[in-house]
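Input: a single structure, listed below in structure tokens.
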Amino acid sequence: MIWIIDFRGDLSESSQLNMDGSTAIRAVSIVHGVDVAAALTNLLTYTKKHGITLGSINRCLDLSIFTPTDEVGYTSKEITSALKELTPELPVIFSYAISSEAEDDEVITING
Numbered sequence: 293m294i295w296i297i298d299f300r301g302d303l304s305e306s307s308q309l310n311m312d313g314s315t316a317i318r319a320v321s322i323v324h325g326v327d328v329a330a331a332l333t334n335l336l337t338y339t340k341k342h343g344i345t346l347g348s349i350n351r352c353l354d355l356s357i358f359t360p361t362d363e364v365g366y367t368s369k370e371i372t373s374a375l376k377e378l379t380p381e382l383p384v385i386f387s388y389a390i391s392s393e394a395e396d397d398e399v400i401t402i403n404g
């Protein structure tokens with residue numbers, strides 16, 4: 293099965309994903325797992341390897357019953373693109389990720 297998992301986590305200074313001094317990340321991930329427990333284990337293993345400590349799971353949905361939306365990370369194009377990269381050796385792909393610094397800049401730009 294394939295799952296779509298939206299999460300927030302703490303980003304270590306040494307993480308290769310930390311390019312702007314951020315302390316946190318929000319991501320939408322496409323994750324392989326025979327069940328939700330296996331998918332969460334795959335996500336935890338992947339994030340730990342990349343210097344991310346999971347903080348909260350915002351959504352966890354079976355992709356086979358999910359309907360893509362216009363929301364960033366959840367579009368048909370983003371999901372399809374992520375699925376092309378998903379393999380048994382790489383069971384987690386982000387369809388969207390934003391660091392806390394970038395997210396703060398985005399909010400300021402939108403509200404500013």
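Residues in the sequence shown are numbered consecutively from 293, following the working numbering.
Every residue gets a Cβ at the ideal spot worked out from N, C-alpha and C, and that includes glycine.
According to DSSP, residues forming a beta bridge with residue i
i, result
"residue 301", "317 and 346"
"residue 323", "295 and 384"
"residue 356", "BP columns for residue 356 are empty, so no partner."
"residue 391", "317"
For residue i, the nearest candidate out of the options (CA to CA)
i, options, result
"residue 317", "366, 348, 293 and 380", "348"
"residue 322", "337, 385 and 357", "385"
"residue 356", "302, 383 and 375", "375"
"residue 336", "392, 379 and 383", "383"
7 Å Cβ shell around residue i - same chain, five flanking residues per side excluded
i, result
"residue 352", "295, 297 and 328"
"residue 388", "319, 320, 364, 365 and 370"
"residue 381", "none"
"residue 339", "301 and 346"
"residue 358", "296"
"residue 354", "293 and 295"
Cβ neighbours of residue i in the same chain (closer than 8 Å, five flanking residues each side left out)
i, result
"residue 361", "367"
"residue 307", "342, 343 and 344"
"residue 377", "385"
"residue 373", "387"
Neighbourhood of residue i by C-beta, 6 Å cutoff - its chain only, sequence neighbours within 5 removed
i, result
"residue 331", "295, 323 and 325"
CB-CB length for residue i against residue j, believed under 8 Å
i, j, result
"residue 299", "residue 334", "Actually they are not in contact, since the Cβ atoms of residue 299 and residue 334 sit about 12 Å apart, beyond 8 Å."
"residue 391", "residue 314", "4 Å"
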